[in-house]
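Remarks on the structure that follows.
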């Protein structure tokens, strides 16, 4: 009986994956998911400074 109550209380979760792909020295990034690609344009480029990749997080 308790097992049936637990089964009813569970929600179904979709296994949906989404990725954002940034390229150095570009003012856009691509969002890749099961529906395809979406290009999003930014105000500034990603860049490398002292070996670290800088990504404009406010845009993401």
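Numbering (the working numbering), first residue to last: 1 to 60.
All residues carry an ideal CB built from backbone N, CA and C; glycine is no exception.
| Query | Result |
| --- | --- |
| Helix, strand or coil at residue 54 according to DSSP, with G and I counted as helix | strand |
| Boundaries (first-last residue) of the beta strand (DSSP E) holding residue 21 | 19 to 22 |
| Per DSSP, the bridge partner or partners of residue 38 | 31 |
| Cα-Cα separation between residue 58 and residue 17, rounded to whole angstroms | 21 Å |
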